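Single-structure report; data block below.
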Amino acid sequence: MKLGFSNDILSRMQKYELTLVLDGKASAAKKKAVTESIEKIVALGKGKMDKVNEWGVRDLAYKMGKSTSGVYLHFPLELETEVAQNLLGKIRANEDIIRYLLVREGR
46 MKLGFSNDIL SRMQKYELTL VLDGKASAAK KKAVTESIEK IVALGKGKMD
96 KVNEWGVRDL AYKMGKSTSG VYLHFPLELE TEVAQNLLGK IRANEDIIRY
146 LLVREGR
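Here the working numbering is used: the first residue of the sequence shown is 46, the next is one more, and so on.
Below you can see the structure in the form of structure tokens.
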């Protein structure tokens, strides 16, 4: 019985939303470097990424490390679960990111 998928990968792709918070004093070069690293991981995993939304600098509710404000970046993604796990590992290792949230759409 054929389910209508021509490629098994289609059934494993999930839609995610990734939100990152960088230090509010992050330079344009740091924002670009973080964005490019996310793009690279998504491309290597054969995923898709829509336009990156920069939500701007906002005051944080409480101090995180030395930061009292943060730059918010939002990434709509389509990835396999394994690639999403790899992405989380890379985000955790990046010292420029002070907070992150990866949520699967539809939950």
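Glycine included, C-beta positions come from ideal geometry on N, C-alpha and C. Given the structure is predicted, the values throughout are model-derived calculations rather than measurements.
*Would a C-beta distance cut-off of 8 Å place serine 114 and valine 102 closer than the cut-off?*
yes
*Taking buried to mean at least 16 other C-beta atoms within 10 Å of its own C-beta, is isoleucine 54 buried or exposed?*
Legend: pLDDT at isoleucine 54 = 48, less than 50; position of this residue unreliable, value from coordinates given subsequently. Under this definition isoleucine 54 is an exposed residue.
*Quick one: any contact between the region 74 to 94 and the region 103 to 112, if contact means 3 or more CB pairs under 8 Å?*
no
_Of the residues Leu122, Lys75, Tyr61, Val128, the one placed nearest glutamate 140, counting alpha carbons only_ = Lys75
*Hey, valine 128 and glycine 90 are a contact pair by Cβ (cut 8 Å); roughly how many whole angstroms apart?*
3 Å
*asked:* Do proline 121 and aspartate 95 count as a contact pair if the criterion is CB distance below 8 Å?
replied: yes
*Using the C-alpha atoms, what's the distance from tyrosine 61 back to alanine 88?*
15 Å
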